[in-house]
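Start counting the sequence shown at 122; every next residue gets the next number (my numbering). The beta-carbon is built from N, C-alpha and C at its ideal position, and this holds for glycine as well. Everything on this sheet refers to the single structure shown next.
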Amino acid sequence: MQQQPPPAQYQQGQVYQPPVVPGAPQQADIRDAQDNKTMAILAYILFFVPLLTGAHKTSPFAKFHTNQGTILFLASAALGIVFGILSAIITGILTSSIATWGAALTIGSIFGLIWMALAIVIALFAIVGIVNAAGGKMKPLPLIGRITIIK
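What follows is the structure in C-alpha coordinates.
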(Lines of atoms letter the chains of each structure in order from A and count residues from 1; the text may use other names and numbers.)
(Lines give C-alpha, C1' and ligand atoms only; values in the text may rest on other atoms or scores of the structure.)
Protein backbone atom coordinates (compact mmCIF):
# COMPACT_ATOMS: atom_id res chain seq x y z
CA MET A 1 0.00 0.00 0.00
CA GLN A 2 1.10 3.50 -0.79
CA GLN A 3 1.09 6.10 1.87
CA GLN A 4 -1.10 9.16 1.28
CA PRO A 5 0.52 12.56 1.81
CA PRO A 6 -0.97 14.58 4.65
CA PRO A 7 -3.63 17.11 3.62
CA ALA A 8 -2.41 20.63 2.95
CA GLN A 9 -2.52 22.75 6.05
CA TYR A 10 -3.13 26.47 6.24
CA GLN A 11 0.15 28.17 7.05
CA GLN A 12 0.13 31.42 8.92
CA GLY A 13 1.37 34.20 6.68
CA GLN A 14 -0.24 32.86 3.52
CA VAL A 15 -2.37 35.42 1.73
CA TYR A 16 -5.58 34.38 0.04
CA GLN A 17 -5.62 35.39 -3.62
CA PRO A 18 -9.11 35.54 -5.11
CA PRO A 19 -9.47 33.83 -8.49
CA VAL A 20 -8.95 35.98 -11.57
CA VAL A 21 -12.15 36.34 -13.54
CA PRO A 22 -11.68 37.32 -17.21
CA GLY A 23 -13.39 40.62 -17.99
CA ALA A 24 -13.66 41.63 -14.33
CA PRO A 25 -12.31 45.06 -13.40
CA GLN A 26 -8.73 45.09 -12.20
CA GLN A 27 -8.12 46.05 -8.60
CA ALA A 28 -5.71 48.85 -8.00
CA ASP A 29 -3.25 48.86 -5.16
CA ILE A 30 -4.96 50.99 -2.52
CA ARG A 31 -1.86 53.10 -1.89
CA ASP A 32 -1.26 53.60 -5.63
CA ALA A 33 -4.89 54.61 -6.17
CA GLN A 34 -4.80 57.11 -3.30
CA ASP A 35 -1.49 58.64 -4.38
CA ASN A 36 -2.46 58.99 -8.06
CA LYS A 37 -6.19 59.70 -7.90
CA THR A 38 -5.76 63.31 -9.09
CA MET A 39 -3.78 62.26 -12.17
CA ALA A 40 -6.30 59.52 -12.93
CA ILE A 41 -9.17 62.02 -12.79
CA LEU A 42 -7.25 64.54 -14.91
CA ALA A 43 -6.75 61.83 -17.54
CA TYR A 44 -10.42 62.16 -18.51
CA ILE A 45 -10.41 65.96 -18.59
CA LEU A 46 -6.96 66.76 -20.00
CA PHE A 47 -5.57 63.38 -21.05
CA PHE A 48 -2.11 64.79 -21.82
CA VAL A 49 -1.38 66.04 -18.27
CA PRO A 50 -0.53 62.57 -16.85
CA LEU A 51 1.49 61.90 -20.01
CA LEU A 52 3.51 65.11 -19.60
CA THR A 53 4.14 64.56 -15.90
CA GLY A 54 5.13 60.92 -16.40
CA ALA A 55 2.61 59.66 -13.84
CA HIS A 56 1.67 56.83 -16.21
CA LYS A 57 5.23 55.47 -16.00
CA THR A 58 5.34 55.03 -12.23
CA SER A 59 1.74 54.14 -11.39
CA PRO A 60 -0.33 51.29 -12.86
CA PHE A 61 -3.46 53.12 -11.67
CA ALA A 62 -2.54 56.38 -13.43
CA LYS A 63 -1.43 54.42 -16.50
CA PHE A 64 -4.77 52.62 -16.76
CA HIS A 65 -6.82 55.81 -16.51
CA THR A 66 -4.45 57.77 -18.78
CA ASN A 67 -4.97 55.06 -21.40
CA GLN A 68 -8.76 55.23 -20.94
CA GLY A 69 -8.76 59.04 -21.24
CA THR A 70 -6.53 58.93 -24.33
CA ILE A 71 -8.78 56.36 -26.01
CA LEU A 72 -11.84 58.49 -25.20
CA PHE A 73 -10.17 61.60 -26.66
CA LEU A 74 -9.07 59.77 -29.84
CA ALA A 75 -12.53 58.24 -30.31
CA SER A 76 -14.21 61.63 -29.96
CA ALA A 77 -11.70 63.25 -32.34
CA ALA A 78 -12.24 60.48 -34.91
CA LEU A 79 -16.02 60.86 -34.65
CA GLY A 80 -15.70 64.63 -35.08
CA ILE A 81 -13.57 64.24 -38.21
CA VAL A 82 -15.91 61.65 -39.74
CA PHE A 83 -18.98 63.77 -38.99
CA GLY A 84 -17.30 66.89 -40.38
CA ILE A 85 -16.40 65.15 -43.64
CA LEU A 86 -19.83 63.55 -44.03
CA SER A 87 -21.57 66.82 -43.26
CA ALA A 88 -19.46 68.71 -45.80
CA ILE A 89 -20.06 66.11 -48.52
CA ILE A 90 -23.81 65.85 -47.97
CA THR A 91 -24.25 69.62 -47.63
CA GLY A 92 -22.22 70.11 -50.82
CA ILE A 93 -24.39 67.65 -52.71
CA LEU A 94 -27.65 69.08 -51.39
CA THR A 95 -26.74 72.70 -52.08
CA SER A 96 -25.91 71.96 -55.70
CA SER A 97 -28.45 72.76 -58.37
CA ILE A 98 -30.09 69.35 -57.87
CA ALA A 99 -31.47 69.96 -54.40
CA THR A 100 -32.79 72.87 -52.42
CA TRP A 101 -31.32 74.86 -49.56
CA GLY A 102 -34.15 73.64 -47.34
CA ALA A 103 -33.00 70.03 -47.73
CA ALA A 104 -29.42 71.05 -46.90
CA LEU A 105 -30.58 72.85 -43.76
CA THR A 106 -32.71 69.89 -42.69
CA ILE A 107 -29.89 67.38 -43.16
CA GLY A 108 -27.46 69.77 -41.44
CA SER A 109 -29.81 70.01 -38.47
CA ILE A 110 -30.11 66.23 -38.30
CA PHE A 111 -26.31 65.89 -38.35
CA GLY A 112 -26.11 68.50 -35.59
CA LEU A 113 -28.56 66.59 -33.41
CA ILE A 114 -26.71 63.31 -33.97
CA TRP A 115 -23.39 64.97 -33.10
CA MET A 116 -24.94 66.48 -29.96
CA ALA A 117 -26.18 63.03 -28.89
CA LEU A 118 -22.71 61.57 -29.45
CA ALA A 119 -21.13 64.42 -27.49
CA ILE A 120 -23.46 63.63 -24.58
CA VAL A 121 -22.44 59.94 -24.75
CA ILE A 122 -18.75 60.93 -24.76
CA ALA A 123 -19.33 63.21 -21.75
CA LEU A 124 -21.12 60.38 -19.94
CA PHE A 125 -18.18 58.05 -20.65
CA ALA A 126 -15.84 60.70 -19.17
CA ILE A 127 -18.05 60.96 -16.08
CA VAL A 128 -18.03 57.16 -15.68
CA GLY A 129 -14.23 57.20 -15.93
CA ILE A 130 -13.91 60.02 -13.40
CA VAL A 131 -16.22 58.23 -10.95
CA ASN A 132 -14.19 55.02 -11.34
CA ALA A 133 -10.91 56.90 -10.84
CA ALA A 134 -12.25 58.73 -7.79
CA GLY A 135 -13.41 55.40 -6.35
CA GLY A 136 -10.02 53.74 -6.88
CA LYS A 137 -11.41 51.32 -9.48
CA MET A 138 -9.70 50.22 -12.67
CA LYS A 139 -12.88 49.46 -14.61
CA PRO A 140 -12.76 49.83 -18.42
CA LEU A 141 -15.09 52.28 -20.15
CA PRO A 142 -18.03 50.81 -22.08
CA LEU A 143 -17.39 49.93 -25.76
CA ILE A 144 -13.87 51.40 -26.03
CA GLY A 145 -12.28 50.48 -22.70
CA ARG A 146 -10.60 47.26 -23.81
CA ILE A 147 -8.33 49.10 -26.28
CA THR A 148 -4.78 49.65 -25.04
CA ILE A 149 -2.54 52.36 -26.47
CA ILE A 150 -0.29 53.17 -23.51
CA LYS A 151 1.71 50.08 -22.64
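Please tell me whether, using a cut-off of 6 Å, the distance from the CB of residue i to the nearest non-hydrogen atom of the ligand ATP is below it.
i, result
"Thr212", "Here there are no bound small molecules, and the ligand ATP is not part of this structure."
State yes or no: is the C-beta of residue i within less than 7 Å of the C-beta of residue j?
i, j, result
"Thr292", "Ile270", "Nothing can be reported for residue 292: it is not among the residues displayed for the chain, which extend from 122 to 272."
"Gly194", "Phe168", "Sequence check: residue 194 is Phe here, not Gly. The answer is yes: Cβ separation under 7 Å."
"Ser197", "Ile268", "no"
"Leu200", "Leu234", "no"
"Ser208", "Phe232", "yes"
Comparing C-alpha positions only, which one of the options sits nearest to residue i?
i, options, result
"Ile71", "Gly205, Ala161, Gln155 and Asp156", "Not covered by the structure: residue 71. The range shown for the chain is 122 to 272."
"Gln155", "Ala225, Ala183, Ala164 and Phe168", "Ala183"
"Lys272", "Leu207, Asn188 and Leu163", "Asn188"
"Gly257", "Leu172, Ile166 and Ser180", "Ser180"
"Ile206", "His177, Gln124, Trp236 and Trp222", "Trp236"
"Ile166", "Val249, Gln125 and Phe204", "Val249"
"Asp153", "Leu172, Val170 and Ala176", "Ala176"
"Met259", "Gln124, Lys178 and Ile151", "Ile151"
"Phe204", "Leu172, Ser230 and Pro171", "Ser230"
Assuming residue i contacts residue j under a Cβ cut-off of 8 Å, what Cβ separation, rounded to an integer in Å, is found between them?
i, j, result
"Thr212", "Ile228", "7 Å"
"Ala254", "Lys158", "6 Å"
Touch test, the segment 256-269 against the segment 205-218, Cβ-Cβ under 8 Å, three pairs minimum: No, the segment 256-269 does not touch the segment 205-218.
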